[in-house]
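This report refers to the structure that appears directly beneath it.
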Amino acid sequence: MKSDKHELDSVHSRSIASQCRRNIGNIKRGVAMRHNIHGKAHKTKAITLRVALACCGSMTALCAASAQQVPAASGASAAAEATSDPAQVSSSAVAPEDILRELVVTAKRAVGGGNMIAQREPLAVSSVSAKAIAERMSLSGPLQIIATLPGIATGQSDPFAMAQRSFVYIRGLPSNEQGWILEDIPVVDQAFFLPYSETFVDPENLAGITVIPGSSRITDPVQTAVGGEIIATVRQPSEELGGFVAYSHGSYKTDRIFGRLETGVIGESGLKAFASGSYTRAGTFNLPGTGDRVHADAKITKEWGDKATSTLFVSYTDWNSMRSNVISLAQFNAAKAADDYTIGNYAGTFVPGVTTNYYKLNYYQRKNLIVSFKNEIRFSDRLTLTVVPYYHWTKSNSPGQTSVNPASVFNGTSRVQINTTGLFLVNGQIPAMSNSFQDHYAIGANTWLTYDVTDSNRLLVGYWHDYFDIDAINNLTPVAQDGSVSSVWANDALRSTDGNVIAGLNYKFSSKIDAISIGDQQKLLNDRLTLEVGLKYFRKSLRGTNLAPGPQTDFGSTFHRFLPRASFAFDVTPTMQIYGNIVKSLRSPFTIQLYPNTYNFGTGRVAQLGRSDKGPETGLGQEFGYRYHDNLVTFDVAFFNKTIKNRQISASAILNGAGVSTVLVAGTQKTRGVTAELGFAPIYGFSPYVNGQYLDAKTKSNFATGGDFLPTAGKVAPASPKWTATAGLNYRTGSLFANALWKYNGSQFSTLMNDQKIKSYSTVDLGIGYELPEFWGQKAAVKFNITNVGNKPFLSAISATQPNAVATRGVNGTLIAAGTPTYTLASPRAFMVSLSSEF
-19 MKSDKHELDS
-9 VHSRSIASQC
1 RRNIGNIKRG
11 VAMRHNIHGK
21 AHKTKAITLR
31 VALACCGSMT
41 ALCAASAQQV
51 PAASGASAAA
61 EATSDPAQVS
71 SSAVAPEDIL
81 RELVVTAKRA
91 VGGGNMIAQR
101 EPLAVSSVSA
111 KAIAERMSLS
121 GPLQIIATLP
131 GIATGQSDPF
141 AMAQRSFVYI
151 RGLPSNEQGW
161 ILEDIPVVDQ
171 AFFLPYSETF
181 VDPENLAGIT
191 VIPGSSRITD
201 PVQTAVGGEI
211 IATVRQPSEE
221 LGGFVAYSHG
231 SYKTDRIFGR
241 LETGVIGESG
251 LKAFASGSYT
261 RAGTFNLPGT
271 GDRVHADAKI
281 TKEWGDKATS
291 TLFVSYTDWN
301 SMRSNVISLA
311 QFNAAKAADD
321 YTIGNYAGTF
331 VPGVTTNYYK
341 LNYYQRKNLI
351 VSFKNEIRFS
361 DRLTLTVVPY
371 YHWTKSNSPG
381 QTSVNPASVF
391 NGTSRVQINT
401 TGLFLVNGQI
411 PAMSNSFQDH
421 YAIGANTWLT
431 YDVTDSNRLL
441 VGYWHDYFDI
451 DAINNLTPVA
461 QDGSVSSVWA
471 NDALRSTDGN
481 VIAGLNYKFS
491 SKIDAISIGD
501 QQKLLNDRLT
511 LEVGLKYFRK
521 SLRGTNLAPG
531 PQTDFGSTFH
541 RFLPRASFAF
551 DVTPTMQIYG
561 NIVKSLRSPF
571 TIQLYPNTYN
581 FGTGRVAQLG
591 RSDKGPETGL
601 GQEFGYRYHD
611 NLVTFDVAFF
621 NKTIKNRQIS
631 ASAILNGAGV
641 STVLVAGTQK
651 TRGVTAELGF
661 APIYGFSPYV
671 NGQYLDAKTK
681 SNFATGGDFL
691 PTAGKVAPAS
701 PKWTATAGLN
711 YRTGSLFANA
721 LWKYNGSQFS
731 TLMNDQKIKS
741 YSTVDLGIGY
751 ELPEFWGQKA
761 AVKFNITNVG
771 NKPFLSAISA
781 TQPNAVATRG
791 VNGTLIAAGT
801 PTYTLASPRA
811 FMVSLSSEF
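Take -19 as the starting number for the sequence shown in the working numbering and just add one per residue.
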C-alpha cells in the first residue's frame, strides 16, 4: 500500500511532516533548487530552516538544515534521498514520492551511479535516478532506461526509441501486462494495452523511473498490472528563472534538438513552471528513409500556502515512425549468411506489380495528448485528500500494403461494387494502403484520502473512475503509380458505388472502470515492524457496436473482482530489513483482439471471431525479500512466486495487409524465481552496480486449438529467459564522467511448444562526458554514447508468439499446422554525441 500519495508510508515520516508544518508555519516548503541533469549537486539558496524532528513518535529534536542540497525531482523512488547515517536509515525512510516534501533529508540514496536506489517498501522495487538517465544516450526512452534493472528483458529495433518496435518483459511478462503510470495517471493505450512510452515525456524532463515487478500500489489506476507496475515521474519546475538547450547527432541520419524554459517562482504567487519542446529525426540501419517526432512538455505547480498544492502536467507528441519489419528465424538466418539485413525487411523502392511491402506504406503514425492535474489538499496534520483528474487522447494508424481485386470486394460480409475510374490498377488489381486506424480518448479521475487514526495507524481510502471511448476502422487508401497515397490517416478511403467505406473492421465501443480501494497500516515495536492490509474492488463494463455488415452488431461484457493484499516489513537492525507480501492482481481482457468480428476484404469471411466470454487474467503472487543498506553498500534480494490464471498472450497478426493483434489463451502459468541487486557508493570515483535474476516460468495447461489440444503443459513459458544479468560501472571525477553497462539475456522460447527460440545474447553500452567550466552564466556539457559496442547482429525480442513452429500431433491425434513466430532484429552499433547548455 502506498503512502501520502499512493501507499501508507512510515508513521515516523508522517510525524516529521506534521511537526514541520506546525513549526515552520508559513515558511515556504522546500528549498530553492535548480535541476542539473549532468548529475552535479543541485544549486540551492543559502537559507536556514529550523525543523522539529519527531523521534519514535514521542521525542522532539531540533534539526538545522542550512543550505541543504535537496533533489529537484519529486514523485519517484528514483528521486529518493535519505540520511547517510546507517543508524537512521530505517527510521527516516519515507515513501518515494514524499522525499522532496520532507525537509529532514540530508544525503542521497542513489548508489551504483544512480542505477540503484535504496528502497524501504514492503515489496520488490527498483529505480533509475535522474542522474543515471542524464548520462545515457539523449534519445533513451523509458524502455531503454529500465532495461538495466533486475529481471527485465528488453528488445528494440533501433537505439533511439523512434522505430515503434520496442518490447519489455518483466519476470517473463510483457508490457501489456504491466501497469503504466505517469504523473499519477494511467497512460497505457487502452486499445492494445501497450504503453507507447516514447510519447510520455522527454528524458531531460524525467525525475526518475521506478519498477515494481510482480505487483502494484493499491490506489494506482491500473488495469494491466499482473506483471507489475512502471512509474515515470516528471521533474519539478525550477525555483529560479533559467533554461536548458541541447543538440544531439548520431548514427542513421539522427538529429535532435531540445529546449526548456523555466519561469522560476513568479513573485509571491507560489507559482512556477517549465515548458519544453524537442524535434527528432532518425532513420534505421536497413531502410533508406527517416522518421520524425515532435514532442512538447509543460508542468506548472502552485503552492496554496501550506494547505494545498496543485500540479498541472501536459504532454503532446506527433510521431511519424519509420519502423523496420519483423522477421522470421529463417529470414534472419538468410540475412546473417548473406550479411545483408535488408532481407525480410520492407522494400526501399516501389515497383508497380512487383513491390508488395513498400516501406513508405508501413510508416506508423501517432498523435498523443496527456493531461494530468494533481491537487493535494491538507485539511490537517492527519487528513490529506489527493484528487487527480486526467485526459488522454490518441489518434494512430498502423498501415500496411495490400491489393484488392475490384471484381471481388467485400464490406464486412456484403459483396460490393467499385467504380475504378481514376484509380491506378496493376494487372487488374488495386494497390492500396490497408489502414489500421484508431481515434480514442480516456477521461477520468483518481482520488485517495489518507487519515492518521493514531500515531501508529494510518487509513487509506481510494476511488478511481475511468471512461474510455474508441472508433476504429480497417479500410483502404488507393496507391498512386509512384507508391504514394493521398492521406496517411485513413482518409480518401476506397468506397463502394453506394458510397459506403469498404472496411474489414469498423466498430466503436466505450468502457467504464470503477475501482474502490481501502488499506490500513499499523506500526509496532517502535516503528520497526510495519503491517499492511488492503482490499481493492475493480469493476469494468464495455459496450460496443460493430458497424461492418455481418452477423455481429453489438458486443460487450462486464466483470468485477476483489483484489486483496497484505504485507509486512521488519527492520532487523538499522541497516537490515526483511519484507514480504501477498498480492492479487488482474489484467482486463484485450479489447480489439477479442471482442469485435473482423472480415477479409476479398472473401467476406470472418478473419477474427469476436468473443466476450473471456474474463480477465488474474495473478496471485508472493514475495519475500531481504535488504541491506549502509554508507557503502546497498543490497536487495527478493524471492517470488506467482500463479497466473487465464493467461492471455498478445501476438501480432495481419488483417488485410495491416498489422493487428491477436490473442493466445494459454491457461494457467506458474512463475517463480529470485532477483538480486547490489550497488556501491562511489569508491575513488567508481560506482559499481550488478544485478541478476533466475526465472522458472512454466505453462500448466494444454493449449486448445482446432478442436484438439497441444501438449503444452510443463513447457517453459514464452519470452521467459532463465537467466538475466546486468553489470555497470560509473566513474566521476570533477567534471568528467563515464559509464559502462553490460547486459545479458538468456535464450527465450517463442512458442508454447518450445520448438523454436532465440539465442541468448549480451550487449555493452559505453558513455563518456565532460562538464565545461561555467562561462557567462552558462553551464555547458558534452557527452558521447555508444550502444551495442560489439556490433553483433541478433534477434532482440519476440514480436509474435505462436502455439507451435513445427507441425505437431495434438492430444487427440489431430495434426496441428505450424505457425511462424516473428522477431525484432536489434540495431547494430550506434553512436551519438550531445552538446548541452544550462543557463
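From the three backbone atoms N, C-alpha and C, an ideal C-beta is built for every residue, glycine too. This structure is a prediction, so every number in the text was calculated from the model and none was measured.
Item: Extent of the continuous beta strand (DSSP E) run through Gln311; Value: Here Gln311 belongs to no beta strand (DSSP E); instead the alpha helix (DSSP H) covers 309 to 318.
Item: Extent of the continuous beta strand (DSSP E) run through Ile498; Value: 483 to 504
Item: CB of Ser537 within 9 angstroms of CB of Tyr487, strictly; Value: no
Item: Three-state secondary structure assigned by DSSP to Thr336; Value: coil
Item: As assigned by DSSP and simplified to three states, the class of Pro102; Value: coil
Item: Backbone CA spacing between Leu815 and Leu746 [nearest angstrom]; Value: 17 angstroms
Item: First through last residue of the beta strand (DSSP E) which encompasses Ala887; Value: Here the chain comprises residues numbered -19 to 819, so residue 887 is not present and cannot be evaluated.
Item: Through-space distance from Phe489 to Gly135, alpha-carbon basis; Value: 32 angstroms
Item: Residue from Lys680, Thr706, Ala707 whose Cα sits closest to the Cα of Gly694; Value: Lys680
Item: The region 208 to 217 contacting the region 150 to 166, beta-carbon criterion three pairs below 8 angstroms; Value: yes
Item: Opposing strand residues paired with Val368 [DSSP bridges]; Value: Asn426
Item: Ile398 in three-state terms, based on DSSP; Value: coil
Item: First through last residue of the beta strand (DSSP E) which encompasses Ile748; Value: 741 to 751
Item: Cβ-based neighbour list, Asn375, same chain, cut-off 6 angstroms, excluding 5 preceding and 5 following; Value: Residue identity differs from the one stated: residue 375 is Lys in this sequence, not Asn. Here the set comprises Lys347, Asp419.
Item: Cβ pair Gly599, Val206 closer than 9 angstroms; Value: yes
Item: In chain order, each beta strand (DSSP E) run of at least 3 residues that lies wholly inside the region 232 to 296; Value: 234 to 243, 251 to 263, 270 to 284
Item: Local conformation of Leu363 per DSSP, three classes; Value: strand
Item: Buried or exposed (CB count within 10 angstroms, at least 16 for buried), Asp551; Value: buried
Item: Reference Phe548, options Leu504, His540, Ala141, Phe542, closest by Cα; Value: Leu504
Item: Terminal residues of the beta strand (DSSP E) in which Leu123 lies; Value: Leu123 -> not in any beta strand (DSSP E); alpha helix (DSSP H) instead, spanning 122 to 126.
Item: Whole-angstrom distance between Gln782 and Phe683, CA atom to CA atom; Value: 11 angstroms
Item: Rounded straight-line distance, which links the Cα of Gly653 to that of Gly726; Value: 14 angstroms
Item: For Thr578 and Ala483, the rounded distance between their alpha carbons; Value: 9 angstroms
Item: Per-residue DSSP class, three states only, for Lys111; Value: helix
Item: Same chain, Cβ closer than 6 angstroms to Ser776, five either side skipped, listed in chain order; Value: Gly135, Thr804, Ala806
Item: Expected contact under 8 angstroms - CB spacing of Leu644 and Thr788 to nearest Å; Value: Between Thr788 and Leu644 the Cβ distance is about 15 angstroms, and since that is not below 8 angstroms, they are no contact.
Item: Selection from Arg197, Leu309, Lys316, Asn399 that minimises the alpha carbon distance to Lys564; Value: Arg197
Item: Gly271 beta carbon near the ligand PLP (any heavy atom closer than 8 angstroms); Value: In the structure shown, the ligand PLP is absent, as is every other ligand, since no ligand is present at all.
Item: Spatial neighbours of Ser521 in its chain, beta-carbon cut-off 6 angstroms, leaving aside the 5 residues before and after; Value: Lys492, Thr538
Item: Beta strand (DSSP E) runs contained entirely in the region 399 to 481, provided each spans 3 or more residues; Value: 410 to 414, 417 to 434, 437 to 458
Item: Contact check, Thr297 vs Arg261, beta carbons under 9 angstroms; Value: no
Item: Own chain, CB closer than 7 angstroms to Gly595, minus 5 neighbours either side, in chain order; Value: Phe539, Pro569, Asn626
Item: N- and C-terminal bounds of the beta strand (DSSP E) containing Met821; Value: There is simply no residue 821 to check, as the chain begins at -19 and stops at 819 in what is shown.
Item: Pairwise C-alpha distance: Ala761 and Glu751; Value: 4 angstroms
Item: Reference Ala780; option with closest CA among Lys772, Leu795, Thr802; Value: Thr802
Item: Length of the line joining the Cα atoms of Thr704 and Ala656; Value: 11 angstroms
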